[in-house]
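Here the structure is laid out as structure tokens; the discussion comes afterwards.
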Amino acid sequence: MNNYLSIEKNLTKYIDAGFPMLYIRTYEEEKADRHILAAAGRREVLEWNGADGFVNFKTKVPFIQNQSLESTLAFLKNGKELDRKLLVVKDAIKEFETGKITSLLKEIARKIRIGDIDTTVIIVSSELQIPKELESLITVMELGLPDEKEIYTIIEKFLEENGIDGVFQGLLDEMSTAFKGLSESEIRNLLSLAISSDGELTRKSLQLIFDQKQQMILKAGILEMVPLKESIDDIGGLENLKEWLQKKATVFKDIKKATEFGVTMPKGVLIAGVPGCGKSLSAKAAGKLFDVPLLRLDMGRLMGKYVGESEENMRKAIQLAEAISPCVLWVDELEKAFAGIGSGAGGSDVTTRLFGAFLTWMQEKTSPAFVVATANDITKLPPELMRKGRFDEIFYVALPNPEERGKIFEIHLKKRRKDDVKEIDMEKLVEETEGYSGADIEGVVGESVENAFVRGSQRLTTNDIADCIKHTQSLSEIMKEPLKEMAKIYEERKFKKASR
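Quick note on my numbering: the sequence shown kicks off at 1 and runs consecutively.
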């Protein structure tokens, strides 16, 4: 991410060097305007935008009312009106679909290169879509959202402007982290809302930030914010995995101090294995354990119908996760998204590019966006995903052992019939559910409670549950051979067991 100084420095450098076209990707046009004006020096700046046409850059007053981009470029391409000036173009993504616009920009670039015009065309957009014909002429710059230091400065300046003092230092640090992912204008608007509501900044103000980030998720339509209902206590067994997650949670809850101490930023975990045995539950519980938003990435939502749309959606999803961070990003059924890549089975070009983008991000990311990926069949995943540096650890979840089955029964019985638990013969139920998954056991408990209610019983008995077990086909019976093969592969690859 480019900070204020590097953006202005690079803009000045590229303009002075005679670069024909620059492309600033940003969601903050006002901030881009300030940087362009600072870099322009004594040069006059002209602007074309989709709302008003050809306008004065500073005042936004039109030179000619609602003039089209094509007419503007045709007027300026001769050079006289552009020499020793800058042209800023906004809202032009759809305009680029017109071949005439591309031709006019190429002509202006040609005249810049041969020295007929001393100018630079600066395109400003939140999306990066460059016509093939212009790729060699354009230099892309990223004007990212404010980082924590910039956010802290924005908050300080706002407090000073409004004569507010006495804000607890710890709250300022917490808000600087919480505001990550929001633009400067959004930050100032939320600060104004907090002050108008409470007259001061308090911990209640953090809820306003959380609500705004929920809006970001809803508007993007790529990620889903999952409510934090399940906790680590809702998981029966998987002690190795739970202890590992608790250790990472300790780091996440004090990231600043941990990184200063030399701790590496946690990347994430891949949880693979038997369906219905707690993988998704572990992902959900991680959000509550880490005390951060839980985002779910549905790979199906990434697939677009237009060329480049899927890759752009992946970029947006990653950018959004980093913006919302610290967070837990849950990628469910990872093998369905990337099956076939690197195995000789092919895999479409789009899928391969999506995989490449995800892999690069996992390898290089330094943001506190902790990835919890779940997969039923790890054999369908590309081998590159299992290499060191992608995930911090890979856990294998098997069918629950006797002790874990007892805990799973206890958890689900306490949720439904807490007073009946002491009368239930847990040992008998554990013996009769060899080969059952956690989901099987939950289903048995749910059905037995329903049957007891329908019969008009006052309590739930061991026999009620045992009767349901007799009429339930376990996962080990339904998937006997696949489960054997899966267990063999995980043992051979020496993946860490989630259970003790």
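The beta carbon of each residue, even a glycine, is placed where N, CA and C say it ideally should be.
Specify the secondary structure class of residue i as computed by DSSP and reduced to three states.
i	result
Val89	strand
Leu270	strand
Cys327	strand
Pro62	strand
Met225	strand
Glu384	helix
Met299	helix
Glu477	helix
Ala373	strand
Val454	helix
Arg502	Residue 502 is absent from the structure shown; the chain starts at 1 and stops at 500.
Lys336	helix
Lys288	helix
Ser343	Here Ser343 scores only 47 on pLDDT, less than 50, and its place in the model should not be relied on; the value that follows carries that caveat. Ser343: coil per DSSP, three-state reduction.
Asn162	coil
Met21	strand
Glu135	helix
Tyr14	helix
Thr462	helix
Residue i to residue j, Cα distance in whole Å?
i	j	result
Gly53	Leu69	7 Å
Met386	Asn56	55 Å
Val421	Cys468	17 Å
Asp165	Glu200	9 Å
Glu333	Leu297	10 Å
Phe395	Lys388	14 Å
Ala398	Ala373	16 Å
Ala452	Tyr490	40 Å
Glu393	Lys13	44 Å
Lys480	Leu145	51 Å
Glu127	Pro400	48 Å
Gly18	Asp211	45 Å
Leu354	Glu148	29 Å
Glu135	Phe168	49 Å
Asp91	Leu105	15 Å
Glu384	Leu294	26 Å
Val45	Glu312	31 Å
Gly456	Ile441	23 Å
Phe261	Phe252	13 Å
Met265	Thr259	7 Å
Lys279	Arg315	26 Å
Leu460	Lys418	10 Å
Glu30	Val331	35 Å
Met141	Ser192	31 Å
Lys407	Gln473	21 Å
Ala345	Ile64	The pLDDT assigned to Ala345 is 44, lower than 50, so where the model puts this residue is not dependable, and the model offers no usable value.
Since residue i and residue j should fall inside the 8 Å C-beta cutoff, what is the C-beta to C-beta distance between them, to a whole number of angstroms?
i	j	result
Ala285	Ile235	6 Å
Ala194	Ser183	Not really, about 17 Å apart at Cβ, beyond 8 Å.
Val444	Pro402	Not confirmed; about 16 Å, so no contact.
Val371	Gly287	Not a contact, Cβ separation roughly 12 Å.
Met216	Leu320	7 Å
Leu525	Tyr152	Outside the displayed range of the chain (1 to 500) lies residue 525, so it cannot be described from this structure.
Phe358	Leu270	Rounded, the Cβ-Cβ distance is 12 Å, inconsistent with contact.
Glu477	Gly446	Contact doesn't hold; Cβ gap of about 20 Å is too wide.
Ala249	Leu281	The Cβ separation is near 16 Å, so there is no contact.
Ser437	Leu413	Not confirmed; about 17 Å, so no contact.
Ala317	Leu143	No, Ala317 and Leu143 are not in contact; Cβ-Cβ is about 20 Å, not under 8 Å.
Hey, would you say residue i sits closer than 7 Å to residue j, going by beta carbons?
i	j	result
Arg416	Val449	yes
Ala369	Cys327	yes
Ser125	Ile101	no
Ile411	Thr462	no
Arg301	Ile222	yes
Gly276	Ala439	yes
Glu335	Asp291	no
Tyr27	Ile123	no
Gly237	Glu404	yes
Ala498	Asn240	yes
Ile108	Lys77	yes
Gly79	Ile138	no
Thr59	Leu86	no
Ile7	His35	yes
Ser310	Val350	yes
Leu190	Leu208	yes
Pro20	Ile130	no
Glu150	Val88	no
Check your understanding: Is the region 148-167 close to the region 28-39, with three or more CB pairs under 8 Å?
Key -> no
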